[in-house]
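Top to bottom, those sequences are chains U and H. Last residue of the first sequence? That's 379 in numbering that gives the first Met the number 0, and every number before it is there in order. Last residue of the second sequence? That's 379 in numbering that gives the first Met the number 0, and every number before it is there in order.
2 protein chains.
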Amino acid sequence: MKLKSRVLQQGFLLALRFVSLVLWSFPGARALDNGLAMTPTMGWLHWERFMCNLDCQEEPDSCISEKLFMQMAELMESEGWKDVHSKGLKLGIYADVGNKTCAGFPGSFGHYDIDAKTFADWGVDLLKFDGCYCDSVEHLEKGYKRMSLALNRTGRSIVYSCEWPLYMWPFRKPNYTEIRQYCNHWRNFEDVYDSWQSVKSILAWTSSNQKRIVDVAGPGGWNDPDMLVIGNFGLSWDQQVTQMALWAIMAAPLLMSNDLRHISPQAKALLQDKDVIAINQDPLGKQGYRLRKEDNIEVWERPLSDLAWAVAMVNLQEIGGPRFHTISIASLGQGLACIPDCMITQLLPEKKKLGFYQWTSDLKTKINPTGTVLLRLAAT
Amino acid sequence: MKLKSRVLQQGFLLALRFVSLVLWSFPGARALDNGLAMTPTMGWLHWERFMCNLDCQEEPDSCISEKLFMQMAELMESEGWKDVHSKGLKLGIYADVGNKTCAGFPGSFGHYDIDAKTFADWGVDLLKFDGCYCDSVEHLEKGYKRMSLALNRTGRSIVYSCEWPLYMWPFRKPNYTEIRQYCNHWRNFEDVYDSWQSVKSILAWTSSNQKRIVDVAGPGGWNDPDMLVIGNFGLSWDQQVTQMALWAIMAAPLLMSNDLRHISPQAKALLQDKDVIAINQDPLGKQGYRLRKEDNIEVWERPLSDLAWAVAMVNLQEIGGPRFHTISIASLGQGLACIPDCMITQLLPEKKKLGFYQWTSDLKTKINPTGTVLLRLAAT
Numbered sequence: 000m001k002l003k004s005r006v007l008q009q010g011f012l013l014a015l016r017f018v019s020l021v022l023w024s025f026p027g028a029r030a031l032d033n034g035l036a037m038t039p040t041m042g043w044l045h046w047e048r049f050m051c052n053l054d055c056q057e058e059p060d061s062c063i064s065e066k067l068f069m070q071m072a073e074l075m076e077s078e079g080w081k082d083v084h085s086k087g088l089k090l091g092i093y094a095d096v097g098n099k100t101c102a103g104f105p106g107s108f109g110h111y112d113i114d115a116k117t118f119a120d121w122g123v124d125l126l127k128f129d130g131c132y133c134d135s136v137e138h139l140e141k142g143y144k145r146m147s148l149a150l151n152r153t154g155r156s157i158v159y160s161c162e163w164p165l166y167m168w169p170f171r172k173p174n175y176t177e178i179r180q181y182c183n184h185w186r187n188f189e190d191v192y193d194s195w196q197s198v199k200s201i202l203a204w205t206s207s208n209q210k211r212i213v214d215v216a217g218p219g220g221w222n223d224p225d226m227l228v229i230g231n232f233g234l235s236w237d238q239q240v241t242q243m244a245l246w247a248i249m250a251a252p253l254l255m256s257n258d259l260r261h262i263s264p265q266a267k268a269l270l271q272d273k274d275v276i277a278i279n280q281d282p283l284g285k286q287g288y289r290l291r292k293e294d295n296i297e298v299w300e301r302p303l304s305d306l307a308w309a310v311a312m313v314n315l316q317e318i319g320g321p322r323f324h325t326i327s328i329a330s331l332g333q334g335l336a337c338i339p340d341c342m343i344t345q346l347l348p349e350k351k352k353l354g355f356y357q358w359t360s361d362l363k364t365k366i367n368p369t370g371t372v373l374l375r376l377a378a379t
Numbered sequence: 000m001k002l003k004s005r006v007l008q009q010g011f012l013l014a015l016r017f018v019s020l021v022l023w024s025f026p027g028a029r030a031l032d033n034g035l036a037m038t039p040t041m042g043w044l045h046w047e048r049f050m051c052n053l054d055c056q057e058e059p060d061s062c063i064s065e066k067l068f069m070q071m072a073e074l075m076e077s078e079g080w081k082d083v084h085s086k087g088l089k090l091g092i093y094a095d096v097g098n099k100t101c102a103g104f105p106g107s108f109g110h111y112d113i114d115a116k117t118f119a120d121w122g123v124d125l126l127k128f129d130g131c132y133c134d135s136v137e138h139l140e141k142g143y144k145r146m147s148l149a150l151n152r153t154g155r156s157i158v159y160s161c162e163w164p165l166y167m168w169p170f171r172k173p174n175y176t177e178i179r180q181y182c183n184h185w186r187n188f189e190d191v192y193d194s195w196q197s198v199k200s201i202l203a204w205t206s207s208n209q210k211r212i213v214d215v216a217g218p219g220g221w222n223d224p225d226m227l228v229i230g231n232f233g234l235s236w237d238q239q240v241t242q243m244a245l246w247a248i249m250a251a252p253l254l255m256s257n258d259l260r261h262i263s264p265q266a267k268a269l270l271q272d273k274d275v276i277a278i279n280q281d282p283l284g285k286q287g288y289r290l291r292k293e294d295n296i297e298v299w300e301r302p303l304s305d306l307a308w309a310v311a312m313v314n315l316q317e318i319g320g321p322r323f324h325t326i327s328i329a330s331l332g333q334g335l336a337c338i339p340d341c342m343i344t345q346l347l348p349e350k351k352k353l354g355f356y357q358w359t360s361d362l363k364t365k366i367n368p369t370g371t372v373l374l375r376l377a378a379t
């Protein structure tokens, strides 16, 4: 199969990238030196919603085709998806470090240089590089590194999206410091599905491994908890709010996989929420973490630029009604979020200003089952 | 604690009962001879949504109180909930066959007669009788039988809702023929939660035990897969459609547990859907069953009066978009649903007439992930 036709069959990724021109110092490991992904990548990816459906005879509107991607691109342009601090639409492509892609199409093993050059010639701006069909862990590691160097040699700016640690975990603990030197983002855990079970499992994996993965994230390199499935079929409204809020806290790439031609106004507004996106894209670039879990309520927080903090409270109880949860302000932001006071705004499930809070005060919130309350605490 | 105060603390059940005046012959086992529940009970129950919240100081609007139940009763009256072939609002109460209720309040053990008489004096129309804190399986069985007889002796018509088989299963296989002689409906499996995982597990339990439980259901006695959680927080729209459709197929009591003061118009319309309720309440009273499962799509069917059939197709794949599924008409209704043809109406996810289909033809449907297409096939 020729590379050209492989592109059409394997599908593209439309990436809305925000290449920050402001340089920030950060204490993490050295990042891939391509100047890209200074904040998490944003865009649209076909996989979770459209998979590898090639039957354009029977299902012309949902098969993987140029038409599908062009329709999504046009909607990103016309429906406001591109308006959020974007530098315009970019093109992504999918390939694999091994002999075949996970779906069995030809992989890049042994052809990293020619594939990288071909992608650059085609004007590709992002490569999502999967890890199926690799003979050994050594091949996997070497392959991911070689493709990174090959992409750099093309001279074109191409965001490099890896699945290296995901495929490493069954064999040994990934060296994230090293991975960060080669990749702009990297998948750690299983593929996301259109279900609350899946979103929950990703959050659970992330919090149980946060000591290992949070500090390594920063401008130029990010942990990738996989796609946003907001606007599809399997998540309730509160569960969609939770995914959006927590992907912002986790400084995750915001790659939607949904059908922009058929999306509810509510899901669209959630995905286009400028305040939540601003948290995700905060230029300080520090990933958030789970602060505590008690009585089935999780509290997550993320440090932001200008001494601000984002705080998310998730109600994981799947019975009953909305629950009240009181947090002491002093327990947030390593005790530093509100000294001597701060201005608190609730961003999700709906935006409202909660006003000024002192360091010694408590904040009472009401959280729906499987839902999240997302707050922004601004220094005064 | 006196019985009177126990009532207020344990909560009520507001039951909309349809006592059919038409008598139908059915081949199942002999039913409890109280003339009640000739079709499945319908109503509202506080448990899943409001649980045992007794803190009326802090949460006056959601604690278990007379106010909560009166508000729900008034909304059932004013918001159309009572309009569906009801004989008016009835009152339900909760008690337990053992020494204590599951929440630790006094149980009825040793006091079945006085409790039954007290409930009758209070004008109670339904008793939900739980099975916690019973010393032995023998006590459990005897207790459920004795309370049934005690209720009958009161001379008042009281629907008897049991959890007998649920508490039997860990010890031995329940004798459903016997249970049906004492109870109007009976819980078999775990409590429902506000989650797709829970709804799925109930459907899976029901289909894997259908040989044992389907035939025993009929006018006067029903399998109870627990409450409808439609209108709450944990189910997506498609998952709510699935619960409504499958509870209709299963001839299940339709006991909502939600907040009628705060319910979306969409969830309300689904719960009040007259066509779907008509399937649930079909006077033939035969429970449906899973016909087959292939490629993550389940096909369920239920025989209805007038030689009609209800057919539900559930898409259990939690990834991708809507899937097309083609069924041969001849495979439905034991080959008898469409001889020589029939009129097919889709009831869910939205109503549309699909027209006439011949016995030899195929029907192509499109089913959302975790959603259901519910059809009614009418003889011509």
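Just so it is clear, CB atoms sit at the ideal spot from N, CA and C, and this is done for glycine as well.
Using a Cβ distance threshold of 8 Å, determine whether the region 207-221 of chain U contacts the region 69-79 of chain U, with at least three qualifying pairs required. Short answer: they don't touch.
Confirm, please, whether the CB-CB distance from Leu125(H) to Thr38(H) is below 8 Å. Taking the first residue of the second sequence as 1, we reach residue 38(H) at position 39. Taking the first residue of the second sequence as 1, we reach residue 125(H) at position 126. Their beta carbons are not under 8 Å apart, which means Thr38(H) does not touch Leu125(H) by this criterion.
Taking Cβ positions only, does Ser360(H) come closer than 8 Å to chain U? Within the second sequence, residue 360(H) is the residue found at index 361, counting from 1. Chain U, which has no Cβ nearer than 8 Å to the Cβ of Ser360(H), makes this no.
How far does the beta strand (DSSP E) with Glu300(U) in it extend, from its first residue to its last? Looking up residue 300(U) in the first sequence gives position 301. That run of the beta strand (DSSP E) goes 296-302.
What does the Cβ neighbour count give for Ser304(U), buried or exposed, with the cut at 16 atoms within 10 Å? Taking the first sequence and counting its residues from 1, one reaches residue 304(U) at position 305. Classification for Ser304(U): exposed.
Going straight from the alpha carbon of Cys62(H) to that of Ile326(H), what length do you get? Translated into positions along the second sequence, residue 62(H) becomes position 63. Translated into positions along the second sequence, residue 326(H) becomes position 327. Just so you know, the alpha carbons of Cys62(H) and Ile326(H) end up roughly 48 Å apart.
Does the beta carbon of Gly319(H) come closer than 8 Å to any beta carbon on chain U? Here the question's residue 319(H) lines up with position 320 in the second sequence. Gly319(H) counts as touching chain U.
Chain U contacts made by the region 155-176 of chain H, where a contact means CB separation under 8 Å: So the list is empty, because no residue satisfies the distance condition.
Just to make sure I have the definition right: I need the residues of chain H whose C-beta is within less than 9 Å of the C-beta of Met226(U). Which are they? Here the question's residue 226(U) lines up with position 227 in the first sequence. Near Met226(U) there are no residues of chain H at all, since even the closest Cβ is about 11 Å away, more than 9 Å.
What residue from Ala149(H), Arg179(H), Pro164(H) has the CA that sits closest to Pro173(H)'s CA? Position 174 of the second sequence, counting from 1, holds the residue named residue 173(H). Nearest C-alpha to Pro173(H): Pro164(H).
Rounded to whole angstroms, what's the CA-CA distance from Ser64(U) to Arg171(H)? Just pull it up for me. Position 65 of the first sequence holds residue 64(U). Position 172 of the second sequence holds residue 171(H). For the pair Ser64(U) and Arg171(H), the Cα-to-Cα distance works out to about 56 Å.
Any 3 or more C-beta pairs closer than 8 Å across the region 113-129 of chain H and the region 151-170 of chain H: Yes, the region 113-129 of chain H touches the region 151-170 of chain H.
Tell me, to the nearest whole angstrom, how far the beta carbon of Gly370(U) is from that of Thr369(H); I am working on the premise that it is less than 8 Å. Against the first sequence, residue 370(U) aligns to sequence position 371. Against the second sequence, residue 369(H) aligns to sequence position 370. Incorrect: roughly 19 Å between the Cβ atoms, too far for contact.
Is it buried or exposed, Met69(U), if we count other Cβ atoms within 10 angstroms and call 16 or more buried? Along the first sequence, read from residue 1 onward, the residue named residue 69(U) stands at position 70. Exposed, by the Cβ-count rule.
Three-state secondary structure assigned by DSSP to Asn314(H): In the second sequence, residue 314(H) corresponds to position 315, counting from 1. Residue state, collapsed to three classes: strand.
Are the CB atoms of Val275(U) and Ala247(U) nearer to each other than 8 Å? To locate residue 275(U), count along the first sequence from 1; it is residue 276. To locate residue 247(U), count along the first sequence from 1; it is residue 248. Yes, the pair counts as a contact, with Cβ atoms nearer than the cut-off.
Cβ closer than 8 Å: which chain U residues qualify as neighbours of Trp195(H)? Stepping through the second sequence from its first residue, residue 195(H) is reached at position 196. The contacting residues are Ser194, Trp195, Gln196, Gly233.
What in chain H is Cβ-close to Asn367(U), meaning under 7 Å? In the first sequence, counting from the first residue as 1, residue 367(U) sits at position 368. Here the neighbours are Phe232.
Tell me whether Arg48(U) counts as near the ligand NAD, meaning its Cβ is closer than 7 Å to at least one heavy atom of that ligand. In the structure shown, the ligand NAD is absent, as is every other ligand, since no ligand is present at all.
List the residues of chain U whose Cβ lies closer than 8 Å to the Cβ of Asp223(H), in chain order. On the second sequence, residue 223(H) is found 224 positions in, with the first residue counted as 1. Per Cβ cutoff of 8 Å: no residues; Asp223(H) is ~18 Å from chain U at best.
Report the CB separation of Lys376(U) from Trp299(U) in whole angstroms; it is logged as a contact under 8 Å. As a first step, residue 376(U) must be located in the first sequence, where it is residue number 377. As a first step, residue 299(U) must be located in the first sequence, where it is residue number 300. The sequence given here has Leu at residue 376(U), not Lys. So it is not a contact: roughly 13 Å between Cβ atoms.
Just to confirm, are Arg301(H) and Gly320(H) a CB contact at a threshold of 8 Å? As a working mapping, residue 301(H) is identified with position 302 in the second sequence. As a working mapping, residue 320(H) is identified with position 321 in the second sequence. Not in contact: Arg301(H) and Gly320(H) (Cβ atoms no closer than 8 Å).
Along the region 238-266 of chain U, what residues have a CB closer than 8 Å to any CB found in chain H? For the region 238-266 of chain U, the beta-carbon criterion of a distance under 8 Å to any beta-carbon of chain H is satisfied by Gln238, Asp258.
Work out the CA separation of Asp120(U) and Thr324(H) for me, nearest whole Å. For the purposes of this step, residue 324(H) is identified with residue 325 of the second sequence, where counting begins at 1. For the purposes of this step, residue 120(U) is identified with residue 121 of the first sequence, where counting begins at 1. At residue 324(H) the sequence reads His, which differs from the Thr that was named. His324(H) and Asp120(U): Cα-Cα distance of roughly 42 Å.
Runs of 4 residues minimum, wholly inside the region 43-113 of chain H: which ones carry the alpha helix (DSSP H) assignment? Counting only runs of 4 or more, we get 46-49, 65-77.
Delimiting residues of the alpha helix (DSSP H) encompassing Asn151(H): On the second sequence, residue 151(H) is found 152 positions in, with the first residue counted as 1. First-last of the alpha helix (DSSP H) with Asn151(H): 136-153.
I'd like to know whether the C-beta of Met50(U) is nearer than 8 Å to at least one C-beta of chain H. Numbered from its first residue, the first sequence carries residue 50(U) at position 51. Yes - at least one Cβ of chain H is within 8 Å of the one on Met50(U).
Answer with yes or no whether the minimum CB distance from Ser61(H) to chain U is below 8 Å. Your numbering for residue 61(H) matches position 62 in the second sequence. Yes, because at least one Cβ of chain U sits closer than 8 Å to the Cβ of Ser61(H).
Helix, strand or coil for Thr364(H) per DSSP? As a position in the second sequence, residue 364(H) is number 365, starting the count at 1. In the structure shown, the three-state DSSP call for Thr364(H) is strand.
Take Thr153(U) and list the residues in its own chain whose beta-carbon comes closer than 6 Å to its own, dropping the five residues that flank it on each side. Here residue 153(U) corresponds to residue number 154 of the first sequence, with the count starting at 1. The beta carbon of Thr153(U) lies closer than 6 Å to those of Ala115, Lys116, Ala119 in the same chain, with the five residues before and after it left out.
Ordered along the chain, which non-local residues of its own chain (more than five positions away) have a Cβ less than 6 Å from that of Val372(U)? The residue given as residue 372(U) occupies position 373 in the first sequence. Excluding positions up to five away in sequence, the list reads Met312, Thr364, Ile366.
Shorter than 8 Å from the beta carbon of Glu47(U) to some beta carbon of chain H? The residue labelled residue 47(U) in the question sits at position 48 within the first sequence. Yes, contact with chain H.
Please classify Asp258(H): does DSSP put it in a helix, a strand, or coil? As a working mapping, residue 258(H) is identified with position 259 in the second sequence. In this structure, DSSP gives Asp258(H) a state outside helix and strand, which the three-state scheme calls coil.
Might you give, ordered along the chain, the residues of its own chain that have their beta carbon closer than 8 Å to the beta carbon of Ile229(H), omitting 5 neighbours on each side? What you label residue 229(H) is simply residue 230 of the second sequence in a count that begins at 1. If the five residues before and after Ile229(H) are omitted, its C-beta is found closer than 8 Å to the C-beta atoms of Gln239, Gln242, Met243, Met255, Asn257, Ala266, Leu269, Leu270, all from its own chain and listed in chain order.
At the 8 Å Cβ level, is Gly370(U) part of the contact set with chain H, yes or no? Within the first sequence, numbered from 1, the residue matching residue 370(U) stands at position 371. At least one beta carbon of chain H lies nearer than 8 Å to the beta carbon of Gly370(U).
Looking at C-alpha atoms only, which residue of Trp358(H), Lys99(H), Gly109(H), Gln180(H) is the closest neighbour of Asp33(H)? Position 34 of the second sequence, counting from 1, holds the residue named residue 33(H). The residue you asked about is not Asp; residue 33(H) is Asn in the sequence shown. Closest by alpha carbon: Gln180(H).
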